[in-house]
Amino acid sequence: MRDGKEFDRIFQEWYPSFFYFAFHYVRDEEACKDIVSETFEFLWKNYEKIDKNRAKAYLLTTVKSKCIDYLRRRSTHKNYIKYITEVNDTYFREEELPEIELRVACVRESMKKLTPYNRHILEQCYIHRKKYKEVAEELGVSVSAVHKNIVKALRILRKEVGTR
Numbered sequence: 005m006r007d008g009k010e011f012d013r014i015f016q017e018w019y020p021s022f023f024y025f026a027f028h029y030v031r032d033e034e035a036c037k038d039i040v041s042e043t044f045e046f047l048w049k050n051y052e053k054i055d056k057n058r059a060k061a062y063l064l065t066t067v068k069s070k071c072i073d074y075l076r077r078r079s080t081h082k083n084y085i086k087y088i089t090e091v092n093d094t095y096f097r098e099e100e101l102p103e104i105e106l107r108v109a110c111v112r113e114s115m116k117k118l119t120p121y122n123r124h125i126l127e128q129c130y131i132h133r134k135k136y137k138e139v140a141e142e143l144g145v146s147v148s149a150v151h152k153n154i155v156k157a158l159r160i161l162r163k164e165v166g167t168r
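For the sequence shown, our numbering assigns the number 5 to the initial residue and increments by one for each residue that follows.
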């Protein structure tokens, strides 16, 4: 965006309505601030490409999509926590702790055998829970390239962990 004053005007005018629109869905003030800020960051970077007559509607749609993504991630996170709690309560026995620690150490050691690129992609997708598309955009590669690297990394890990 070339005109900072125009952006400031739009920001001041639209931010409150975008925030309350997001809050209607998310009900988390901090998450709403992040969602709306990301939307305005997108506007700043893509202002020249956006039809000015439809910008507000387009950005509201963006806010709504980001809210839905946030709710999906939060739901998945809650379900994961519930599942882990149930699994731990049902299956975890203290005498198994040394074996579990050994497996974790084995996986960590095996990850060192991956190329830095494969290890980075695997960590982003599995540890940081990023979507393949997000990782692809960060690295400037296709989603299928991320998928292929994940498959390759997992194949190596299975082979390494399986031999130990």
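Backbone N, C-alpha and C fix where the C-beta goes; we use that ideal spot for every residue, glycine too.
Can you grab the Cα-Cα spacing for the pair residue i / residue j, in whole Å?
{"i": "I72", "j": "F15", "result": "22 Å"}
{"i": "F27", "j": "K137", "result": "26 Å"}
{"i": "I160", "j": "V111", "result": "11 Å"}
{"i": "M5", "j": "E42", "result": "Annotation note: pLDDT 49 at M5 (below 50); position unreliable, coordinate value reported separately. Going from the Cα of M5 to the Cα of E42 covers about 15 Å."}
{"i": "S21", "j": "L63", "result": "11 Å"}
{"i": "Y51", "j": "L118", "result": "40 Å"}
{"i": "A59", "j": "E142", "result": "25 Å"}
{"i": "Y24", "j": "K163", "result": "51 Å"}
{"i": "E17", "j": "L75", "result": "26 Å"}
{"i": "Y121", "j": "K152", "result": "12 Å"}
{"i": "G2", "j": "I54", "result": "Residue 2 is absent from the model: the chain starts at 5 and stops at 168."}
{"i": "C36", "j": "Y29", "result": "9 Å"}
{"i": "F44", "j": "V147", "result": "25 Å"}
{"i": "S69", "j": "K135", "result": "15 Å"}
{"i": "L47", "j": "T65", "result": "13 Å"}
Along the chain, where does the alpha helix (DSSP H) containing residue i start, and where does it finish?
{"i": "I39", "result": "E33 to N50"}
{"i": "Q16", "result": "G8 to V30"}
{"i": "L118", "result": "Careful: L118 lies outside any alpha helix (DSSP H) and carries neither H nor E."}
{"i": "S148", "result": "V147 to G166"}
{"i": "K134", "result": "No alpha helix (DSSP H) holds K134; DSSP gives it neither H nor E."}
Check whether the Cβ atoms of residue i and residue j lie closer than 8 Å to each other.
{"i": "V145", "j": "C129", "result": "no"}
{"i": "V40", "j": "V67", "result": "yes"}
{"i": "F165", "j": "S114", "result": "At residue 165 the sequence reads Val, which differs from the Phe that was named. In this structure, S114 lies closer than 8 Å to V165 by Cβ."}
> Do the stretch 67-84 and the stretch 113-129 touch if we need at least three Cβ pairs shorter than 8 Å?
Replying inline: no
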